[in-house]
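In my numbering, the protein residues as written are 12 to 279.
Backbone N, C-alpha and C define an ideal beta-carbon position, used for all residues, glycine too.
Nothing here was measured: the structure is a model prediction, and the numbers come from that model.
Here's the structure, in structure tokens; my notes come after.
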């Protein structure tokens, strides 16, 4: 006999997991962290995953949820459940592609239903999840406005709030199946949430890395330095505002003189 086993990993010290066990086939799981992962071993029946962030604010209603299944994920179909009405989000056969799927947090909970198989011991449903705010629209399926040039206000705010901020140049652009991958060389790294840019060594003050962009943006290699900002989604950097560095300096110093800079940046 195989037993239902559910593992949840949530990357935060201020939030937690609530799991309601019942004798019926449908279990309730409450996730309260901004990011984490879920593994369901030998799935049978169904589980409802409720994402309830630890924040009391009108902004919580505008959050989006992104999930990225693992390449080995199988054994279930994943639906959105809103007031008992199910909408298929991710069928079993598509999970192995490992593509990111996003939806608004008000669109419902995740209803994960096991698909009958003769040998459930070979089935594991696994995915990572992240909550994404409106200001972080970089990433798959949240790219509606990211190809548009940023306004001066958006650039200054991006420098203060982005997951990474770096000064550098574009070395190469590769066109992949669903996005462009921009290889960059960084001369000054102001901030990075995770290690998306790798140092060239102790004696070399430069970093290299890749930043993703949607194909429709039509990015090309170009001369000159840029200020790269953006969001990190599932360990991958996605481009946000990326003005030429000389243009950023101009608007930054203008805002500094007017006292309207939202934060300080060391431009020396």
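Residue 165: member of the alpha helix (DSSP H) spanning 163-172, first to last residue. Setting aside the 5 residues that flank it on each side, residue 98 is surrounded in the same chain by 90 and 91, each with a C-beta closer than 7 Å to its C-beta; the list follows chain order.
Spanning the alpha carbons of residue 64 and residue 214 requires a straight line of approximately 43 Å. Shown here, residue 112 sits in a strand according to DSSP, grouped into three states. By a beta-carbon distance limit of 8 Å, residue 45 contacts residue 142. Their separation comes to about 5 Å. Burial is judged here by how many other beta carbons sit within 10 angstroms of a residue's own beta carbon; residue 240 has at least 16 and is buried. The alpha-carbon of residue 272 is positioned some 7 Å away from that of residue 263. Every unbroken stretch of the beta strand (DSSP E) spanning 3 or more residues and falling wholly within the segment 69-142 is given here in chain order: 75-80, 87-93, 96-101, 112-115 and 120-125. DSSP places residue 183 inside the beta strand (DSSP E), whose first and last residues are 175-186. Excluding the 5 residues flanking it on each side, residue 103 has same chain C-beta neighbours closer than 8 Å at 85, 86, 87, 88 and 126, in chain order. Under the 10 Å beta carbon count, residue 95 is surrounded by fewer than 16 other beta carbons and is classified as exposed.
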